[in-house]
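As structure tokens, the structure follows; a few thoughts come after it.
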Amino acid sequence: MVDQQNRKVALRTRAAIRAGKAASGLSRVAGRGEGMVIGGQVILRVAPQAISQLAGGRVAALVSATNGKTSTTRLLATALEQAGPVVTQPTGANMSTGIVMALSGAAPDATVVLEVDEAYLPRTVTQTDPKLIMLGNLSRDQLDRMNEVAMTARKWRNMLADHPELTVIANADDPMIEFAAAQSPNVIWVAAGQAWTSDSSVCASCGALLSRSGSDWSCPGCNRRRPKPQWTLGPDRRATAPDGARFDLSKLQLPGRFNAANATMVLAAVSALGLDPGVATERMNTVTSVSGRYGTFEVGELRIRLLLAKNPAGWSELLDVMPPAPAPVIVTINSDYADGRDPSWLWDVPFEKLAGRTVIASGFRRRDLAVRLTHANVDHIVIADPYAPGANLPASAGDLDVIDCAATYTAFHQLRTTGVPL
Amino acid sequence: MSSIAIASIYADLLGTYGDGGNVLALAHRARLRDFDVQVIRVEPGAAVPTLADIYVLGGGEDTAQVAACEALRTDGALAAAGQRGAAVLAICAGYQLLGEYFPNAVGEPAPGLGLLDIRTDRLPQRAVGELATSPLQAGGSALLDRDRFTGYENHAGGTVRGPGISALARVDVGVGNGDGTEGSVSGHIVGTYLHGPCLARNPDIADQLLSWALGRELTELVEPEVAQLRAERFGAVSETRR
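Respectively, the protein sequence lines represent chains A and B. So the number in the working numbering is just where the residue sits in the first sequence, counting from 1, plus 3. So the number in the working numbering is just where the residue sits in the second sequence, counting from 1, plus 105.
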């Protein structure tokens with residue numbers, strides 16, 4: 004009886020996938036993006052249990068964080084390919100629709116790793132029964148849509164209470180992550196750093212103010228403290244394993260300290276899955292751009308390096324990746340649903356660090372950005388479309404071979420799809 | 106007096122929605138008029154200055170709000186400053202904690218500082234979106250009564266004023282206090298749900314706080330980029346009236 008029931012569900016899921024792929028294909032042909040969302044919607048409407056049906060024990064890892072989940076997922080997928088084919092989302096589509104599309108395209112013997120939106124992580128854990136999950140960081144992002152940070156941490160904590168079997172790779176330096184992950188009996192702690200501490204100044208458990216000294220932190224109220232990390236990343240960009248083995252991450256092509264930290268998390272995951280972190284390091288060095296992030300594109304008259312910058316914590320790290328002043332930069336701010344409707348987070352970004360350059364302010368919320376830059380004493384020009392022929396760009400922009408463009412999600416996506424990859 | 110001391114209160118606890126921009130906006134508009142500005146950033150554990158001219162509190166998450174309120178009660182200086190007539194701007198969670206009580210993380214009333222005669226309970230539904238208001242013309246303050254205000258709200262609290270306390274404005278679009286009014290004004294204390302940040306999008310409120318602090322009227326000052334942003338925001342809400 005149960006078998007018959009299961010077979011029915013499986014048949015329904017197969018029919019749903021055919022319908023979803025058709026919808027996705029139509030959407031692509033119609034030039035409406037990659038069709039992940041519409042395809043996924045169709046599948047889930049016809050077969051609401053499709054994700055659990057399709058997961059089928061193939062899911063090795065789920066990756067979630069406020070920042071870096073797409074890059075970390077790509078690094079992990081590349082590292083795990085040492086053992087055979089790995090399937091993940093081709094774009095950053097990380098909610099149920101993108102997840103079901105990725106699963107529906109995966110060969111039966113493939114290993115699956117998935118990037119998961121913070122709010123979708125608890126249900127996705129239940130649906131896909133992964134071997135491990137990676138929890139990178141939590142900070143303010145899209146507060147019009149998301150829970151506040153402590154609320155997300157509490158939900159993750161409850162999720163881990165329900166799933167003691169999971170192996171958790173967690174960032175020991177982020178007190179919000181520690182609060183969630185410490186609930187699990189199987190945590191591998193990684194010192195992945197935290198450049199932005201403003202969302203974890205209060206203990207998520209007792210409400211007391213955390214004491215901090217460098218990357219160390221502790222709670223005077225309930226004695227929570229930074230766990231001793233098993234994996235660490237040194238200033239020389241070398242990661243150290245629990246057994247003392249060292250891995251050189253300085254040859255990663257993805258820029259910035261934060262990507263070396265993402266790679267350290269991946270090494271911990273690779274080891275936990277029984278694979279070789281040395282081979283993983285070599286493989287990760289081959290990743291040059293991730294779904295357009297850090298890629299170079301020709302857009303209109305300009306050659307740009309595309310950066311995704313969507314919240315204060317991400318910006319805090321990206322400002323150090325940009326070439327020094329006086330190189331001008333383009334900043335494009337939108338406030339569609341996927342960007343967050345409220346761009347007041349611009350005031351939490353230390354844009355003062357851009358002093359000495361001209362910022363080209365664009366996007367639908369370029370006026371918010373212009374007012375913010377005025378208050379930061381940063382020179383700027385407001386241009387609706389800097390890529391249009393004859394756009395009034397500063398002369399210094401023409402002197403650059405490639406100009407950095409930091410954009411919020413929808414602007415980033417538009418540039419990535421309209422630009423010509425170089 | 107040509108120097109202004111601005112105390113930024115617990116920005117790590119009360120600054121979740123870019124509210125740190127309010128301090129930048131106050132300093133910016135004071136400096137454009139050639140006043141000296143001193144910004145004192147106070148984090149919990151350090152003493153709140155007793156003699157600052159303007160005190161600024163932002164919004165924050167539930168647990169941070171309770172922690173901030175308790176630290177301020179222990180410290181005592183903010184309540185004393187409010188009572189002596191110092192200018193205070195308090196946004197969202199900061200606004201709520203100046204009142205008699207506000208909801209804590211589990212929705213139970215937590216005692217506030219009692220500096221404003223307001224009480225805050227949970228709204229049936231969280232208020233998230235653009236907030237636009239019109240002047241009440243209550244005759245309290247020329248600068249607070251002459252133009253519309255624009256901002257973004259993101260809160261779960263409905264605030265009821267006591268009999269002796271005026272609202273800041275009337276809601277055109279959004280929720281505000283929850284009864285058709287937005288914010289509160291009492292003496293030199295302004296409380297509001299306007300993020301954005303409030304003072305970057307509403308320079309009249311910034312100028313009113315500066316004017317109270319200096320004890321005199323200020324010269325008119327219009328920044329074109331701010332005027333353009335305001336026009337854009339009022340245009341956006343008129344298209345999407347809720």
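The beta-carbon is built from N, C-alpha and C at its ideal position, and this holds for glycine as well.
Check                                                                                                                                   : Outcome
Selected residue, minimal CA-CA separation from Thr129 of chain A, among A:Asp144, A:Ala164, A:Pro389 and A:Ala110                      : A:Ala164
Distance between Leu78 of chain A and Gly277 of chain A (C-alpha atoms, nearest Å)                                                      : 17 Å
Exposed unless 16 or more other CB atoms sit within 10 angstroms - verdict on Cys222 of chain A                                         : buried
Contact between the region 179-187 of chain B and the region 148-162 of chain B (3+ Cβ pairs under 8 Å)                                 : yes
Residue from A:Ser338, A:Asp176, A:Met268 and A:Asn226 whose Cα sits closest to the Cα of Ala410 of chain A                             : A:Ser338
Burial state of Leu334 of chain B, where buried means 16 or more other Cβ atoms lie within 10 Å                                         : buried
Proximity winner among A:Pro167, A:Ala19 and A:Asp144, relative to Asp132 of chain A (alpha-carbon distances)                           : A:Pro167
Closer than 9 Å to chain A by CB, Arg347 of chain B                                                                                     : Low local confidence applies: a pLDDT of 46 at Arg347 of chain B is under 50, so the model's placement there is unreliable, and no value is given.
Beta-carbon contacts of Lys134 of chain A that lie in its chain and below 6 Å, excluding the five residues immediately before and after : Ala63
Reference Val171 of chain A; option with closest CA among A:Met268, A:Trp220 and A:Thr127                                               : A:Met268
Exposure label - Cys225 of chain A; buried when at least 16 CB within 10 Å                                                              : exposed
Met106 of chain B, DSSP secondary structure in three states                                                                             : Residue confidence is low: Met106 of chain B scores 48 on pLDDT, short of 50, so the model does not pin down where it sits. No coordinate-derived value is stated.
Residues that Thr335 of chain A contacts on chain B, provided the C-beta gap is smaller than 9 Å                                        : Within 9 Å Cβ-Cβ: nothing; Thr335 of chain A doesn't reach chain B, min ~16 Å.
Sheet register partners of Ala242 of chain A (DSSP bridge)                                                                              : A:Leu236 and A:Phe250
N-terminal and C-terminal residue of the alpha helix (DSSP H) that Ser365 of chain A is part of                                         : Where Ser365 of chain A is concerned, there is no enclosing alpha helix (DSSP H), although the beta strand (DSSP E) it sits in stretches over Val362 to Ser365.
Residue closest to Pro308 of chain B, alpha-carbon to alpha-carbon, out of B:Tyr298, B:Ser291 and B:Leu326                              : B:Leu326
Amino acids of chain B, ordered along the chain, whose beta-carbon sits closer than 8 Å to that of Trp318 of chain A                    : Within chain B, no residue comes near Trp318 of chain A; the closest Cβ sits about 12 Å away, beyond 8 Å.
Other residues of its chain near Ala232 of chain B: CB distance less than 6 Å, five sequence neighbours each side excluded              : Glu258, His260 and Val280
9 Å Cβ cutoff met for Gly219 of chain B and Glu235 of chain B                                                                           : no
Three or more C-beta pairs below 8 Å linking the region 251-267 of chain A and the region 318-327 of chain A                            : yes
Residues from the region 363-383 of chain A in contact with chain B, defined by Cβ distance under 7 Å                                   : Arg370, Asp371, Ala373, Val374, Thr377 and His378
Beta-carbon neighbours of His293 of chain B, restricted to chain A and to distances below 7 Å                                           : The contacting residues do not exist; His293 of chain B stays about 24 Å from chain A at best.
Segment contact, 8 Å Cβ cut-off, at least three pairs: the region 91-98 of chain A with the region 276-292 of chain A                   : no
Same chain only: Cβ atoms within 6 Å of Pro230 of chain A, ignoring 5 sequence neighbours per side                                      : Ala175 and Trp192
Proximal residues to Gly303 of chain A (C-beta, below 6 Å), its chain only, five neighbours per side dropped                            : Tyr390
Rounded separation between Leu202 of chain B and Gly269 of chain B - CA only                                                            : 18 Å
Limits of the beta strand (DSSP E) - the one that Pro216 of chain B falls within                                                        : Pro214 to Pro216
Gly120 of chain B to Arg143 of chain A span [Cα, whole Å]                                                                               : 11 Å
Interface residues of the region 132-152 of chain A facing chain B [CB-CB below 8 Å]                                                    : Arg143, Leu146, Asp147, Glu151 and Val152
Positions along the region 166-179 of chain B whose CB lies within less than 7 Å of some CB in chain A                                  : Glu166, Thr168, Ala169, Val171 and Ala172
Every unbroken beta strand (DSSP E) within the region 132-158 of chain B, with a cutoff of 3 residues, ordered by chain                 : 141-147
Rounded straight-line distance, which links the Cα of Thr16 of chain A to that of Val45 of chain A                                      : 11 Å
Residues that Pro280 of chain A bridges to, as DSSP identifies them                                                                     : Answer by DSSP bridge pairing: none, since Pro280 of chain A is not bridged.
Backbone secondary structure at Gln201 of chain B - three-state DSSP                                                                    : helix
Nearest-angstrom beta carbon gap, Val362 of chain A and Trp318 of chain A [assumed within contact, 8 Å]                                 : Actually they do not touch by this definition, with Cβ atoms about 13 Å apart.
Interface flag, Arg160 of chain A vs chain B, CB-CB below 9 Å                                                                           : no
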